[in-house]
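See below for the structure under consideration.
Numbering (this note's numbering), first residue to last: 26 to 72.
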């Protein structure tokens, strides 16, 4: 296998892992629901 092929495969794997991680970072809440935003378990912001 040549160097370009291995670099392309590595890049594809890194991009795929990045997309999987980023897809779990966002969460959508229904307009009828209320949430408490926390950072390290402590509520942040004003109620």
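Just so it is clear, CB atoms sit at the ideal spot from N, CA and C, and this is done for glycine as well. No experiment lies behind these values; they were computed from the predicted model shown.
Pairing residue 53 with residue 32, the inter-Cα distance amounts to about 36 Å. In its chain, beyond the 5 residues on either side, no residue has a beta carbon closer than 8 Å to the beta carbon of residue 28.
Taking C-beta separations shorter than 8 Å and ignoring five residues to either side along the sequence, the partners of residue 62 in its chain run 68, 69 and 70, following chain order. In its chain, beyond the 5 residues on either side, no residue has a beta carbon closer than 8 Å to the beta carbon of residue 58.
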